[in-house]
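Protein chains in written order, with our numbering: chain A, 11 to 385; chain W, 35 to 374; chain V, 39 to 604.
Built from N, CA and C at the ideal position, the CB exists for glycine as well.
Predicted model only: the values in this text are computed from it and were never measured.
A short worksheet on the structure shown next.
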């Protein structure tokens with residue numbers, strides 16, 4: 011088992027400058043799939059593009075791979091423009107959502123495909139393929155055919171096939187969406203482990219925010235062909251710059267409030283009959299006294315007030331639903347005509363079940379609240 | 035959308051019902067026939083009959099050989115009640131196979147014995163000699179001499195230029211075959227056939243098709259019946275005829291009543307049979323073709339009566355009896371020499 | 039199979055039998071279907087084989103000995119095989135190029151080309167032979183007038199190759215375009231992604247995956263060439279082929295046993311190749327329908343090939359158009375090559391003399407079509423959704439007719455239904471039966487394809503709620519499969535209108551068919567009339583096709599690939 015990648019394996023960085031890709035829909039309207047998209051990905055970095063379907067993330071990937079020709083803009087690899095390099099010369103293998111394993115070739119031949127194309131001598135191919143099989147834990151399966159193996163195994167073959175050619179950059183197009191949950195989690199870790207080990211520059215596309223959060227060095231949140239926000243997982247999670255991002259990453263609850271007053275270090279926000287004091291840096295955008303704002307509250311920022319506990323930032327609500335999820339319990343609480351999600355880690359000692367329609371008292375940590383201007 | 039569909043389908047059903055009724059109604063008061071006359075001739079003949087008798091004739095046009103085979107296959111349940119036209123040899127075969135019935139009638143009184151069956155099964159409506167028919171323009175274009183004898187036809191210069199029908203299907207072609215046998219004797223005849231075959235690129239099913247092909251220039255020389263050729267000439271086609279020097283064969287076009295034909299047609303069929311030998315029928319034969327019927331009617335200009343032609347001694351009974359054997363032999367000779 | 043599984047098998051059959059007995063309607067249905075199939079599919083087959091093996095009343099192999107020894111039959115057999123191989127090969131190549139162009143290359147007006155390709159399938163089976171004479175015969179427009187080529191012999195092997203290839207490659211096209219479209223676009227993209235250039239991608243991915251389709255196409259065209267009747271009859275010349283020989287032996291020579299023997303000989307390759315293609319090759323197919331319509335946006339061929347392929351498609355389409363246009367033109371010309379005056383006389387003839395025939399043809403096709411399709415759908419429903427003993431046998435027997443050449447069917451029907459108590463010859467019923475049982479596979483295939491898309495759960499939930507099978511079928515299944523029903527009906531109608539090789543044995547003075555009439559006219563050199571009738575026939579078909587096109591699912595064209603003969 012190799013513990014690091016071989017020396018002859020060079021990775022590259024990726025730079026996209028103002029890439030635009032449009033198409034005409036059925037009615038003839040011009041749709042911007044990718045709109046003035048610029049991004050820099052450093053060597054060895056794991057970058058994820060996330061967003062809802064139709065946001066353009068897959069199109070960006072395909073432009074990078076050379077499957078789509080951008081209307082304008084440049085794609086540079088290692089500082090050099092690759093716009094005019096055809097797809098088959100870019101050396102950026104992609105792991106497809108459908109795995110795209112060649113059904114008429116054995117696992118061995120599938121993995122060896124890229125090497126054969128590059129006219130690598132037979133004995134080296136054998137060596138490399140066997141090493142790959144070890145790496146992805148598929149030793150002994152080389153003579154099977156794709157339809158004979160499971161989805162998870164197919165996924166690993168697709169991965170092996172991409173890695174064996176020692177790519178400078180590797181691309182992933184929602185590779186885990188066809189797997190069941192447990193397998194997804196396992197494979198996610200596998201991919202990350204390998205990426206760490208080999209240090210390949212990776213661009214990963216997914217609509218699953220959990221995947222993005224757990225695997226990436228940097229996350230790019232996309233909306234309608236544009237970048238909403240780029241940042242590390244922590245930044246994106248804790249400091250979303252827009253309601254959209256906050257809504258997309260993590261199960262943020264939104265509660266309306268009014269700016270009562272602006273002070274030096276914090277802002278007073280009126281929610282129903284309570285005033286919440288929130289640190290100023292958690293506000294985004296230009297806000298003034300009297301503005302209506304949306305407060306983004308993560309479920310874990312809310313706690314249940316134990317009897318006898320005092321907390322100025324408290325409010326009461328009615329329990330509508332309880333979801334038992336093993337390590338955590340999730341509640342839907344009605345407050346101010348909004349349903350709020352509350353997540354509590356399981357406390358073995360403290361009784362945490364509530365009857366339906368029971369009124370409970372909750373407290374919220376103001377440092378975990380983001381303020382967004384309401385449009 | 036639903037309404038459109040329903041209207042559409044109702045209309046369809048109505049159209050369909052109309053068609054159905056029409057087809058069913060037309061099938062009473064009729065005679066069903068096989069005919070080996072040319073289709074336009076047959077139509078004219080039957081139209082005339084329909085006019086005079088009020089009976090509708092449903093017919094299928096088949097070459098002589100085809101007709102005999104079909105009648106034979108249908109013998110347990112004959113589809114037609116009469117076979118009108120076709121080379122006499124075929125009618126003899128039909129009789130020998132028990133497919134026809136005797137119909138003694140005064141209508142055939144005027145015919146010479148050799149032009150009718152002694153047991154009253156079939157009788158002749160006209161006789162026609164075989165000739166060479168050639169396209170004058172094509173002949174000149176290819177700089178070929180006019181063939182004057184059967185022997186001439188085997189000359190290598192005529193390769194690809196001659197056409198006749200398949201004796202298995204066509205009574206005309208079988209007539210040609212028996213003529214050749216009668217002239218050369220059986221063994222030499224098949225040597226002749228082998229040689230002739232080299233000059234023939236294909237054999238048609240219908241006996242008169244080669245003649246028509248020659249008329250329009252699709253082929254240079256055809257062997258067929260004189261009256262067909264004369265019709266083309268009178269229509270203005272660049273066709274000419276030549277009677278072979280050694281003598282030629284001839285057909286007796288005949289009519290037979292079919293045994294056990296459709297029950298409700300027997301009387302009607304008899305009417306048609308008797309009518310076939312009469313003057314008004316003869317007039318139609320004359321007007322439509324250049325055939326020379328056995329009834330005395332004014333002939334078409336250019337028609338050639340059989341008496342004016344050098345014919346060979348023809349034994350139709352023998353020809354009928356030996357047909358299977360000779361045709362089989364012909365097939366073998368022709369196909370094996372094709373592989374050369 | 040061990041003894042244990044044998045007894046299990048019979049136990050299962052007993053259970054299914056018991057269940058069957060509980061639903062009386064279904065039981066009656068199954069029994070009558072089995073009876074009909076036995077009578078109209080197996081019995082004629084049996085009669086034909088019997089006649090060939092018992093020419094003189096007792097078992098004798100003389101018929102086959104003669105056939106396999108006599109020169110003229112051996113030549114016919116080898117000719118047929120040679121012709122089949124050449125046509126299948128050429129046809130598959132053309133079909134593949136055409137299919138590749140239409141599925142992988144972007145250019146405007148694709149619908150026109152698709153229409154062009156479908157045209158030969160819905161036309162009378164010998165239409166190309168007819169126009170070949172017009173264009174390339176002695177007085178042919180191209181040979182004589184335009185190019186001044188003398189003595190180009192359209193008759194025989196050359197002419198047949200041209201004509202059969204043009205009329206049969208569309209079958210291959212349907213299969214291959216289906217397969218090429220079904221290939222996951224990601225696979226080709228992926229190959230490129232891994233470094234394979236365009237040609238490499240083609241040879242390592244596209245071509246291997248298309249290979250089962252290529253085989254299927256080759257086999258189907260081969261079978262169609264073998265069983266082709268109309269073209270060799272018109273253009274055969276001195277190139278005898280097996281299909282025509284059967285007719286010749288029977289009609290020309292009156293030799294029933296030998297005709298039967300030849301029909302049986304023709305049966306053997308067609309049925310076995312059919313089984314080969316269907317049951318063996320299908321298993322090797324690698325196409326899995328992913329259901330996801332992924333984009334195929336990458337250019338997969340170089341500029342040069344792009345242009346060449348488009349040019350090729352235009353060329354082929356142009357050739358096909360010329361053939362059709364010449365027939366249309368020829369129908370208005372007094373005498374092609376001799377007398378160029380325009381005339382309507384041929385059409386007058388068609389609607390005067392030919393009117394009864396036109397009516398008969400349309401009437402019978404119209405009656406037969408709904409019967410055939412309903413029958414087929416019922417069988418499909420029973421086979422897909424129900425179990426009962428003998429189910430598989432029924433499915434096989436029903437589909438068997440697909441593979442039996444029309445000549446054998448016509449021959450078999452003619453000799454089987456010729457006497458009491460089954461006296462059908464000369465009536466419309468024999469033609470109807472022939473249509474129904476020859477074309478019922480269309481309805482079955484369509485039905486099965488449709489039912490496989492309609493989830494079994496839907497039917498099961500209906501039954502679960504208390505509805506009997508009949509009600510489920512009528513109110514749930516039937517509306518969902520209506521589009522397939524209409525596709526099947528359209529194709530069945532087309533087949534009934536253009537059938538020749540079986541029909542020629544079964545027409546009579548009372549009931550005629552346009553195709554046999556056209557053939558007779560061609561034989562008798564009444565070419566103008568033949569062209570006019572052909573135009574009328576094609577128009578009727580095109581109109582019905584156009585009308586129903588709106589109602590049917592175009593994906594059903596793959597069904598057509600299975601019906602290889604006229």
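| message | Using a 10 Å radius around the Cβ and a threshold of 16 neighbouring Cβ atoms, would you call residue 171 of chain W buried or exposed? | response | Residue mapping note: residue 171 of chain W aligns to position 137 of the second chain, counting from 1. Classification of residue 171 of chain W: exposed, given that the 10 Å Cβ count is below 16.
inquiry  = Check whether chain V comes within 8 Å of residue 246 of chain A, counting only Cβ atoms and requiring the distance to be less than that.
reply    = Working through the first chain from its first residue, we reach residue 246 of chain A at position 236. For residue 246 of chain A, the answer is no, since every Cβ of chain V falls outside 8 Å of its Cβ.
TODO: Determine the DSSP secondary structure at residue 169 of chain W, reduced to helix, strand or coil.
DONE: If you number the second chain from 1, residue 169 of chain W lands on position 135. Looking at residue 169 of chain W - three-state DSSP - the assignment turns out to be strand.
**Study point:** Span separating the alpha-carbon of residue 370 of chain A from that of residue 329 of chain A
**Key:** Within the first chain, numbered from 1, the residue matching residue 370 of chain A stands at position 360. Within the first chain, numbered from 1, the residue matching residue 329 of chain A stands at position 319. Whole-angstrom Cα-Cα distance: 7 Å.
| With DSSP run on the structure shown, which of helix, strand or coil describes residue 63 of chain A? | For the purposes of this step, residue 63 of chain A is identified with residue 53 of the first chain, where counting begins at 1. Three-state DSSP puts residue 63 of chain A in coil, outside helix and strand.
Taking a Cβ distance cut-off of 7 Å, strictly less, list which residues of the segment 103-120 of chain A are near chain D, in chain order. Of the chains in the structure shown, none is chain D; the protein chains are A, W and V.
Residues of chain W with CB closer than 8 Å to the CB of residue 29 of chain V, please, in chain order. Residue 29 of chain V lies beyond the range of chain V shown here (39 to 604); nothing can be said about it.
Per-residue burial, residue 69 of chain V [other beta carbons within 10 Å of its own, 16 or more giving buried]:
Taking the first residue of the third chain as 1, we reach residue 69 of chain V at position 31. Residue 69 of chain V comes out exposed.
Report the three-state DSSP secondary structure of residue 344 of chain V (helix, strand or coil). Here residue 344 of chain V refers to the residue found at position 306 of the third chain. Helix.
Would you say residue 303 of chain A and residue 260 of chain A are within 8 Å of each other, going by their C-beta atoms? Position 293 of the first chain holds residue 303 of chain A. Position 250 of the first chain holds residue 260 of chain A. Taking 8 Å as the Cβ cut-off, residue 303 of chain A and residue 260 of chain A do not qualify as a contacting pair.
| message | Could you check whether residue 69 of chain A and residue 78 of chain A sit closer than 8 Å to each other, using their CB atoms as the reference points? | response | Counted from its first residue, the first chain places residue 78 of chain A at position 68. Counted from its first residue, the first chain places residue 69 of chain A at position 59. Contact flag set, yes.
Q) When the cut-off is 8 Å and only beta carbons count, does residue 252 of chain W lie next to chain V? A) Stepping through the second chain from its first residue, residue 252 of chain W is reached at position 218. Chain V, which has a Cβ nearer than 8 Å to the Cβ of residue 252 of chain W, makes this yes.
*When the Cα of residue 277 of chain V is compared with those of V:504, V:83, V:286 and V:114, which residue comes out closest?*
Numbered from 1 along the third chain, position 239 holds the residue referred to as residue 277 of chain V. With distances taken between Cα atoms, residue 277 of chain V lies closest to V:114.
Where are the alpha helix (DSSP H) runs, 4 residues long or more, that stay fully inside the segment 98-151 of chain V, in chain order?
100-107 and 109-142
Practice problem: Taking residue 128 of chain A as the query, report the chain V residues whose CB atoms sit under 7 Å from its CB, ordered along the chain. | Solution: On the first chain, residue 128 of chain A is found 118 positions in, with the first residue counted as 1. Going along chain V in sequence order, the residues near residue 128 of chain A (Cβ under 7 Å) are 233.
- [ ] Please specify which runs of the alpha helix (DSSP H), each continuous and at least 4 residues long, are wholly inside the segment 35-113 of chain A, giving them in chain order.
- [x] 67-75
Could you pull the DSSP bridge partners for residue 213 of chain A from this structure? Position 203 of the first chain, counted from the first residue, corresponds to residue 213 of chain A. Beta-bridge pairing links residue 213 of chain A to A:57 and A:181.
Report task. Using only alpha-carbon positions, find the residue among V:506, V:510 and V:552 that is nearest to residue 62 of chain V. Result -> As a working note, residue 62 of chain V is residue 24 in the third chain. Of V:506, V:510 and V:552, the residue nearest in Cα terms is V:506.
For the beta strand (DSSP E) that contains residue 378 of chain V, what are its first and last residues? Counting from one through the third chain, the residue named residue 378 of chain V turns up at place 340. From DSSP, the beta strand (DSSP E) with residue 378 of chain V extends over 377-380.
Do residue 137 of chain W and residue 304 of chain W have their C-beta atoms closer together than 8 Å?
-> Locating residue 137 of chain W in the second chain gives position 103, where the first residue counts as 1. Locating residue 304 of chain W in the second chain gives position 270, where the first residue counts as 1. Yes, the pair counts as a contact, with Cβ atoms nearer than the cut-off.
Margin query: Considering only heavy atoms of the ligand PLP, does any lie closer than 7 Å to the CB of residue 563 of chain V?
Written below: Only the bare structure without any ligand can be found here, which leaves the ligand PLP out of the picture.
*Give a yes or no on whether the C-beta atoms belonging to residue 8 of chain A and residue 348 of chain A are separated by under 8 Å.*
Outside the displayed span of chain A (11 to 385) sits residue 8 of chain A, for which this structure offers no information.
Beta carbon of residue 367 of chain W nearer than 8 Å to that of residue 228 of chain W = Counted from its first residue, the second chain places residue 367 of chain W at position 333. Counted from its first residue, the second chain places residue 228 of chain W at position 194. Result yes, Cβ atoms of residue 367 of chain W and residue 228 of chain W sit closer than 8 Å.
Could you say which of V:294, V:526, V:428 and V:442 lies nearest to residue 93 of chain V if we only look at CA atoms? For this step, residue 93 of chain V is matched to residue 55 along the third chain. Of the candidates V:294, V:526, V:428 and V:442, the one whose C-alpha sits nearest the C-alpha of residue 93 of chain V is V:294.
*At a Cβ threshold of 8 Å, is residue 246 of chain V touching chain A?*
For the purposes of this step, residue 246 of chain V is identified with residue 208 of the third chain, where counting begins at 1. Yes, its Cβ sits closer than 8 Å to a Cβ of chain A.
ask   = Which first and last residues belong to the alpha helix (DSSP H) in which residue 252 of chain V is found?
value = For the purposes of this step, residue 252 of chain V is taken as the residue at position 214 of the third chain. Start and end: 245-265.
* Asked: Which of helix, strand or coil does DSSP assign to residue 295 of chain V?
  -> By one-based count along the third chain, residue 295 of chain V stands at place 257. Residue 295 of chain V: helix per DSSP, three-state reduction.
Worksheet entry | Inter-residue CB distance, residue 290 of chain V and residue 203 of chain W (contact presumed, cutoff 8 Å) | If you number the third chain from 1, residue 290 of chain V lands on position 252. If you number the second chain from 1, residue 203 of chain W lands on position 169. Rounded, the Cβ-Cβ distance is 4 Å, consistent with contact.
Subject >> Rounded straight-line distance, which links the Cα of residue 96 of chain V to that of residue 70 of chain W >> reply: In the second chain, counting from the first residue as 1, residue 70 of chain W sits at position 36. In the third chain, counting from the first residue as 1, residue 96 of chain V sits at position 58. Whole-angstrom Cα-Cα distance: 36 Å.
Terminal residues of the beta strand (DSSP E) in which residue 271 of chain A lies: Within the first chain, numbered from 1, the residue matching residue 271 of chain A stands at position 261. Start and end: 263-272.
Identify every residue that forms a DSSP beta bridge with residue 25 of chain A. Looking up residue 25 of chain A in the first chain gives position 15. Beta-bridge pairing links residue 25 of chain A to A:50 and A:86.
Exercise for review: Taking a Cβ distance cut-off of 8 Å, strictly less, list which residues of the segment 182-213 of chain W are near chain V, in chain order.
Suggested key: 194, 200, 202 and 203
field: Cβ of residue 322 of chain W within 8 Å of any chain V Cβ
entry: Within the second chain, numbered from 1, the residue matching residue 322 of chain W stands at position 288. By this cut-off, residue 322 of chain W is not an interface position.
Please report how far the alpha carbon of residue 350 of chain A lies from the alpha carbon of residue 257 of chain A, in whole angstroms. Taking the first residue of the first chain as 1, we reach residue 350 of chain A at position 340. Taking the first residue of the first chain as 1, we reach residue 257 of chain A at position 247. Answer to the nearest angstrom: the Cα atoms are 13 Å apart.
- Query: Listing by chain order, which chain W residues have their CB less than 9 Å from the CB of residue 425 of chain V?
  - Reply: Reading the third chain from its first residue, position 387 is the one you call residue 425 of chain V. Correct list: empty, because the minimum Cβ distance to chain W is about 35 Å.
Please name the residue or residues paired with residue 279 of chain A in a DSSP beta bridge.
Taking the first residue of the first chain as 1, we reach residue 279 of chain A at position 269. Note: residue 279 of chain A sits in a beta bridge opposite A:269 and A:286.
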